[in-house]
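Trainee: Can you keep this structure in mind? I'll have questions shortly.
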Amino acid sequence: MIQDILPHQYDVSFRHAEARAEDFVFIFQKGQALLRNEGGRPAVPTCGEVWARWPEMELTFLFSIDEANIFMAEAGELEPEGLTSHDTQIFRELDPPWLAFAGATASHLAVWRDKTRFCGRCAAVMKPSETERAMVCPACGNIVYPAIAPVVIVGVIDGERLLLTRYAGRVYRRPALVAGFVEIGETLEDAVRREVREEVGLELKNIRYYKSQPWAFSQSLLSGFFADLDGPADIRLDVSELSEGFWVNRDEVPDDEDLSNVSLTYEMIRTFRRLGPDGV
Ligand SMILES: [Zn+2]
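Next comes the structure, spelled out in structure tokens:
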């Protein structure tokens, strides 16, 4: 998965770090990532390269991976000469993978910073806290931490069959699992039951936790569960959310080559294919 970067070590503990020429900078402009071109492939600019082009650009330290400090910058209205603008989905496939994970996480923090320029209580300009990863209002003391929205993903199992879905109104057409944001006042298990009931009209038993994944592209934390069907297997589709929901026999579950290694959803689909209902 995108966060599995061993042997590299992600260190998100809060601290201050000086930028060095060899450190990396993720530059964002209007929600897009600005990357340089290295032999036809997108690459991440270093602090040294950014200083050479834009000596005034303010670099914000985010976290480190091994010895590399990772910074973020806002390009604002600057002309991004020499850099190319990419949708942040580029971080699903950037090389090397540890830098792809860094970019995705940086984009999550960039979205948060962009939304916390002004205090939601008194409209004053917010400032980064000196002591923790938070934005603070100097006028009224309001503190805003990075927003991480909890999401559940559910692999619904009926014996040797797995329920796959396709989402309506999205370009992304690969098979998925039932998924949705956790609502206020719900446990993760409540959200699992509600999402499956709403999206496909099925009831569940034996809900069990699988793994979690930070998913920066929706500013969320995904929690993956498997659960067994409890009752009739007839699917009643919520057509506003899903375009398809269908049972697939274990040996017909999509194979490795069709699915990327990046997401928890695909790891869950692959794991069911490999291990079957008793292994998950
Ligand atoms: Zn305020």
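Following the numbering used here, the numbering of the sequence shown begins with -1 at its first residue and continues without gaps. Quick reminder that beta carbons are idealized off the backbone N, C-alpha and C, glycines included.
1) Counting only runs of 3+ residues fully inside the region -1 to 84, write out the beta strand (DSSP E) ranges in chain order.
2) Can you tell me which residues fall inside 5 Å of ligand 1, judged by beta-carbon distance to its nearest heavy atom, and keep chain order?
3) Give me, in chain order, the residues of the same chain whose beta-carbon lies closer than 8 Å to that of residue 138; leave out the 5 immediate sequence neighbours on both sides.
4) Looking only at its chain, what residues have a beta carbon closer than 8 Å to the beta carbon of residue 225, apart from the 5 residues adjacent to it on each side?
5) So, at 7 Å on beta carbons, what are the nonlocal neighbours of residue 83 in its own chain, with the 5 sequence-adjacent residues on each side left out?
6) Does residue 156 come out as helix, strand or coil in the three-state DSSP assignment?
7) Kindly list the residues whose CB is nearer than 7 Å to the CB of residue 6, restricted to its own chain and excluding five residues on each side of it in sequence; keep chain order.
8) Which of the three DSSP states is assigned to residue 278 in this structure?
9) Quick one: Cα of residue 158 to Cα of residue 103, how far?
10) Verify whether the separation of the beta carbon atoms of residue 280 and residue 4 is less than 8 Å.
11) Nearest-angstrom Cα distance between residue 200 and residue 252?
12) Measuring only the C-alpha atoms, how far is residue 45 from residue 131?
13) Go to residue 226, then tell me how far its beta strand (DSSP E) extends in each direction, as first and last residue.
14) Does residue 264 pass the burial test, meaning 16 or more other C-beta atoms within 10 Å, or should it be called exposed?
15) What residue range does the beta strand (DSSP E) around residue 105 cover?
16) Which same chain residues, not among the five before or five after residue 8, have their C-beta less than 6 Å away from its C-beta?
17) In the DSSP assignment, find the alpha helix (DSSP H) that holds residue 186 and state where it starts and stops.
18) Along the chain, where does the alpha helix (DSSP H) that runs through residue 270 open and close?
19) Look at residue 150 and residue 270 and say whether their C-beta atoms are less than 8 Å apart.
20) Specify, as a first and last residue, the run of the beta strand (DSSP E) that residue 206 falls within.
21) Specify, as a first and last residue, the run of the beta strand (DSSP E) that residue 116 falls within.
22) Consider the Cβ of residue 189: report whether some Cβ of chain D lies at a distance smaller than 8 Å.
23) Residue 230 to residue 250, Cα distance in whole Å?
24) Starting from residue 244, follow its DSSP beta bridges and name the residues at the other end.
25) Quick one: Cα of residue 105 to Cα of residue 239, how far?
Mentor: By the coordinates alone:
1) 22 to 27, 30 to 36, 39 to 41, 58 to 63, 66 to 72 and 81 to 84
2) 117, 119, 120, 122, 135, 137, 138 and 140
3) 117, 119, 120 and 122
4) 152, 153, 154, 155, 190, 194, 202, 203, 204, 205 and 206
5) 27, 30 and 32
6) strand
7) 63, 64 and 96
8) coil
9) 36 Å
10) Nothing in the structure corresponds to residue 280, since the chain is present only between -1 and 278.
11) 22 Å
12) 21 Å
13) 218 to 227
14) buried
15) Where residue 105 is concerned, there is no enclosing beta strand (DSSP E), although the alpha helix (DSSP H) it sits in stretches over 95 to 113.
16) 63
17) 186 to 198
18) 262 to 273
19) no
20) 202 to 213
21) It is not in any beta strand (DSSP E) - residue 116 carries neither H nor E in the DSSP assignment.
22) Included in the structure is just one protein chain, with no chain D present.
23) 22 Å
24) 162
25) 26 Å
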